[in-house]
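In what follows, a single structure is set out as structure tokens and then discussed.
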Amino acid sequence: MNETKTVLVIDDSRVSRLMARQFILSRQPGWLVEEAGTGEEAIEKVKTLSPVLILIDVNMPGMGGLAAAEHLRAACPDAHISLVTANVQNATRNRATELGIGFMEKPITEARMHALIGALE
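Numbering (the UniProt record's numbering), first residue to last: 1 to 121.
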């Protein structure tokens with residue numbers, strides 16, 4: 001039996017969070033999927049969570065995904081963090097690389113999500 005792992009999905013779109021949850025649980029039904037609608041909410045959540053994977057949208061109200069990712073990287077140094085965004089500009093990709101985080105284009109697909117999770121199993 002696989003160890004229970006926690007994933008934090010951060011996106012202001014409820015639909016995007018639900019899709020990510022569905023794709024994660026279709027591969028790892030025993031994992032815990034937590035959600036946050038803003039960067040600020042995510043920073044609060046990691047005070048009591050230890051996620052192995054953090055998926056974060058770039059464009060959100062309030063604190064954007066890149067700024068939140070910087071805070072989350074400091075708070076969760078061992079977590080795999082990946083931007084999940086439709087913003088495919090080189091500047092965004094380069095900033096993700098500088099922060100040491102991954103990059104996944106929206107729309108997310110089950111295959112992309114399963115490939116990402118496969119590296120954590």
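Glycine included, every Cβ here is placed at the ideal spot set by N, Cα and C. Bear in mind the structure is a predicted one, so any value in this text is a computation, not a measurement.
Check	Outcome
Which value, in whole angstroms, describes the spacing of the CA atoms of E121 and P61?	32 Å
Opposite T6 in the DSSP bridges: which residues?	L32
Rank G118, R95, V88 and R73 by C-alpha distance to the C-alpha of M104 and give the top, closest one.	V88
Which same chain residues end up closer than 6 Å to M1 when comparing Cβ atoms and leaving out the 5 residues on each side of it in sequence?	Residue confidence for M1 is low, a pLDDT of 45 falling below 50, so the modelled location carries little weight and cannot support an answer.
Go through its chain and collect everything with a Cβ distance to M63's Cβ below 6 Å, but skip five positions before and after it.	G39 and E40
Can you name the start and end residues of the alpha helix (DSSP H) that V15 belongs to?	R14 to R27
Tell me whether the beta-carbon of K47 lies closer than 8 Å to the beta-carbon of L8.	no
Kindly give me the distance between the Cβ atoms of D78 and S16, rounded to whole angstroms, as I take these residues to be in contact under 8 Å.	Not really, about 25 Å apart at Cβ, beyond 8 Å.
Starting from L83, trace the beta strand (DSSP E) both ways and give me its first and last residue.	H80 to T85
Leaving out the 5 sequence neighbours to the left and right, which residues in its chain are closer than 8 Å to E70 when beta-carbon positions are compared?	L99
Check I101 in the structure and name its three-state DSSP category.	coil
Looking only at C-alpha atoms, which of R95, D12, R14 and M19 sits nearest to T109?	M19
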